[in-house]
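In what follows, a single structure is set out as structure tokens and then discussed.
Chains as they are written, first to last, in this note's numbering: chain A, 8 to 476; chain B, 38 to 611.
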């Protein structure tokens, strides 16, 4: 059964599915990014997505009545898209009005917007269809899929692969990834983007040089409404053709975390969204195995928390390293510090991944019947728990005090080697090689990663830096 | 007026208002009309004394609300009323289709005559016969909008045509017309007179239409057409408003009127008060943590597991241990985002929302695979053993000793926030973290502890849901209760002594919405729309000052004060 998963993960179809499930995370993430950069973080993305998803479905369904089935089929999806985004924008502006004009707390008003979106859609759905669960009785439409030209398939070697990944993706997926470029251009290449960033950095300073802070913030919220609305449209009209109550299921909240992970930049946000898309798609794949479906469902949420922690920890590490570098004055070796920074982040990531092991083992102890009974679940859970705790313990000293990495470079290297080695060996063992190959391969790969990141560099210059500064 | 006198006056008002509420709820709850009936109902209802006791507590909560908030109590009341009016408008919009019942439904057309029937094959009707159909059937692609029937008649035949709703369910308002062989309209009618209603059995109301005793001018094939009367805007509006009035009556009075409905209100209020207290603690520290939901799931899971497993021990041991365990579980699950926020600076809102999702999945996992009996058809645990539940203080309801737990929780939270060093630190960190740090407060520890203490209260709410209300573990034991807690806490301005009132108030609306959905077919979600409006209005601090600001504007005296006050109020209360 694991073979299927492995084959699945390395197939073009899996990459295509990553793109598909990334879309509804990426679009609201861009909304969160834009509003965050203007200093008015939009907590209401979840509600906006629901509203737009619902309006899109309703308008596309009714457009067939208004224009007749033939015309309605063509214009319906786009009309639904425009109407949905419009609704989402209106709500975003309502948030702006309450926060900027009526001085309501931004976060609480955002929470109110989420409630309004969730409740309003269900209430209107109940009125229109008599159903509180979904709109399956409405004949709603789908945003068209984009077919790639056939010649791409003819390109030798990579052609078919690229074709299989990108062909037949929803137009919304293309819109999402084009939006990344749009947001990048907007933020870094237009006067408005400059105003927006300045407003977020320091509103008082921006005001003093004549930047219209309030208007910029309204615009930022409007844009976040547009992106959240597009994300909602993808949910109900991208691959499905119906609206389900609360169908955004937390994506609007995950979207608040992705910009943080992506360094508050458009491309970083896109990469972070892809990571979440990967976890989402993986959860769907693993769901076909004989393990409780709730466990893979937890992954995206745990990943979000880990992302928050990793972001916070690595920001702290970088700060410490910078402080030390400044303290050392002119005598520092830039490569050396860069390596230190990379390795510290690696420790944080490795330690966090082990937490997944802790969660799995806790689940095994709490519900052994879900994992093949107590005879299998308890021993296996114990092994996983002990391993995870050891791995966390190995990395913890270097996460807690970053200077230990240079004081005890070899220990740090060994910890990295063991932890990363275990992960990679586990990964390799999915391919069913002999045990020794998996373990050996894992360790070799881990060592390779350490060397590539510049670990040797650190060992060489360690004596110099060990001296008190 | 000096401060002491005004305080005394507010206390007097508080006591009077509390008494009125106590009397009103106690009077309405048995659904009695006169005082004699009330006494009789009181004597025949089991646990009537308990009901009075709880109503007295309701009165105390109201008195506390007025005494604590003073003029702000008025603002809270106005906010709630404004939100209710908004909900009324929304409901009437939903009810705009009520009048449609007059244009759709099953009908019959009957042709009555003493004359001899004319034998002809290609017509629809004969004397003494009737035909039927359904007009404007909902959900049909091409519904029947009007119906025509032909019949053959001889010159001089005296006929009567009846068009009527076919059964009790159909409320269609019909009009009928008779067309001659040449297509000319010979007669028409939109209503039935009272004596005709008595004369013909087929007629049901004046909305039916009758063409009585019409003499046919010539021999030939005649046509009867019938269709619903067109709706006037007035009818549409008045129907929508009357339907909304019915709905709002169920909404606003539904929770009172019968002891079992009253119990639905009270038991829900107990949950909301605990959740509201949990939210108030974190909001006081100005932490936007919504972790109450996940903490509640863990509290329910732990207490439920203990109640299910310890069947041999006396309940006197099991129940307190289960409650303590739920509090501990909530504490630990609250500590986690607390540590993340305090020591790592992870955004508490995102972190708690994600932790909620994890807790929900974990609860589902354990419930589905471990706790659910293999034979059960749906995902729920077995009912808790007799005794291992919170004992009801009113028979046959879920109003349990949780009442006392809630009273203790309210007092404990109030003492914690206003009478202990930790509470002082929480308030300081909440009003200005930098200043608190400067004053030597370890704000990280305070933030961490505030979120953990909040978890204790939320875990308690979980135990109440599991051991008091459901008496088993069910899937989706909480659907977004943390958000309800936000309303309860915000309305109370995060004041633990006011939260009993706001919890009761919001639970009343929630219970009313249930009865509105049941009795008037208006979606329960209307109450959540009202909830959102309440949050928006209550947090919009500048809403009051906006008016003052306008006024000063008009007087053309540039006065910056109102905005400044708004900003201060904004930080002080949320």
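Glycine residues also receive a C-beta, built at the ideal position from the N, C-alpha and C atoms.
Because the structure is a prediction, the values reported are computed rather than measured.
| Query | Result |
| --- | --- |
| Proximity below 8 Å, CB of residue 434(B) to CB of residue 428(B) | no |
| Interface partners of residue 301(A) on chain B, CB under 8 Å | 398, 399, 401, 402, 405 |
| Neighbourhood of residue 384(A) by C-beta distance below 7 Å, restricted to the same chain and skipping five residues each side | 371, 375, 378 |
| Supposed close pair residue 253(A), residue 57(A) - CB separation, criterion 8 Å | 7 Å |
| CA nearest to the CA of residue 350(A), picked from 421(A), 179(A), 298(A) | 421(A) |
| Residue 566(B): contacting residues in chain A (beta-carbon distance under 7 Å) | 123, 126, 127, 130 |
| Alpha-carbon to alpha-carbon, residue 523(B) and residue 47(B) | 27 Å |
| 8 Å Cβ cut-off: residues of chain B touching residue 305(A) | 394, 395, 398, 399 |
| Cβ neighbours of residue 332(B) in the same chain (closer than 6 Å, five flanking residues each side left out) | 367, 370, 371, 492, 495, 496 |
| Same chain, Cβ closer than 7 Å to residue 409(B), five either side skipped, listed in chain order | 416, 417, 418 |
| Limits of the beta strand (DSSP E) - the one that residue 224(B) falls within | 222 to 226 |
| Proximal chain B residues relative to residue 363(A), where beta-carbon distance stays under 9 Å | None at all; the shortest Cβ gap to chain B is about 11 Å. |
| The region 277 to 294 of chain A contacting the region 69 to 89 of chain A, beta-carbon criterion three pairs below 8 Å | no |
| Test: residue 607(B) CB closer than 8 Å to a CB of chain A | Model confidence at residue 607(B) stands at a pLDDT of 38, short of 50, so the residue's coordinates are unreliable; what they give is reported in the following sentence. Yes, residue 607(B) counts as interfacial toward chain A. |
| Cβ of residue 520(B) within 8 Å of any chain A Cβ | yes |
| Residue 431(A) vs residue 449(A) beta-carbon contact at 8 Å | yes |
| Inter-residue spacing [alpha-carbon to alpha-carbon] between residue 346(A) and residue 469(B) | 39 Å |
| Complete runs of the alpha helix (DSSP H) confined to the region 232 to 310 of chain B [at least 4 residues] | 270 to 290 |
| Meets three-Cβ-pair contact criterion under 8 Å: the region 73 to 83 of chain A and the region 205 to 215 of chain A | no |
| Pairwise C-alpha distance: residue 402(A) and residue 473(A) | With a pLDDT of 43 at residue 473(A), under the threshold of 50, the predicted position of this residue should be treated as unreliable, though the coordinate-derived value follows. In a straight line, the C-alpha of residue 473(A) is about 20 Å away from that of residue 402(A). |
| Same chain, Cβ closer than 8 Å to residue 381(A), five either side skipped, listed in chain order | 375 |
| DSSP three-state assignment for residue 346(B), whether helix, strand or coil | helix |
| Chain D contact residues for residue 131(B), given Cβ-Cβ distances below 9 Å | The structure shown has no chain D; the protein chains it does contain are A and B. |
| Residue 428(A) burial status per 10 Å Cβ neighbour count (16 or more: buried) | buried |
| C-beta contact flag for residue 163(B) and residue 188(B) at 8 Å | yes |
| Minimum length 4: unbroken alpha helix (DSSP H) runs contained in the region 368 to 437 of chain A | 380 to 407, 411 to 414, 416 to 436 |
| Interface positions of the region 370 to 385 of chain B facing chain A (Cβ-Cβ less than 8 Å), listed along the chain | 377, 381, 382, 383, 384 |
| CA nearest to the CA of residue 20(B), picked from 128(B), 527(B), 330(B) | Lying outside 38 to 611, the shown extent of chain B, residue 20(B) is not represented and no answer is given. |
| Boundaries (first-last residue) of the alpha helix (DSSP H) holding residue 276(A) | 273 to 293 |
| Residues of the region 177 to 210 of chain B whose Cβ lies closer than 7 Å to any Cβ of chain A, in chain order | none |
| Cross-strand partners of residue 168(B) (DSSP beta bridge) | 146(B) |
| For residue 227(B) and residue 245(B), the rounded distance between their alpha carbons | 7 Å |
| Neighbour list for residue 312(A) in chain B, Cβ cutoff strictly below 7 Å | 388, 391, 392 |
| Counted within 10 angstroms of its Cβ, other Cβ atoms place residue 110(A) as buried (16 or more) or exposed | buried |
| Where the alpha helix (DSSP H) containing residue 185(B) begins and where it ends | Run containing residue 185(B): none in the alpha helix (DSSP H); it sits in the beta strand (DSSP E), 184 to 190. |
| In chain order, each alpha helix (DSSP H) run of at least 4 residues that lies wholly inside the region 435 to 489 of chain B | 439 to 456, 458 to 468, 470 to 475 |
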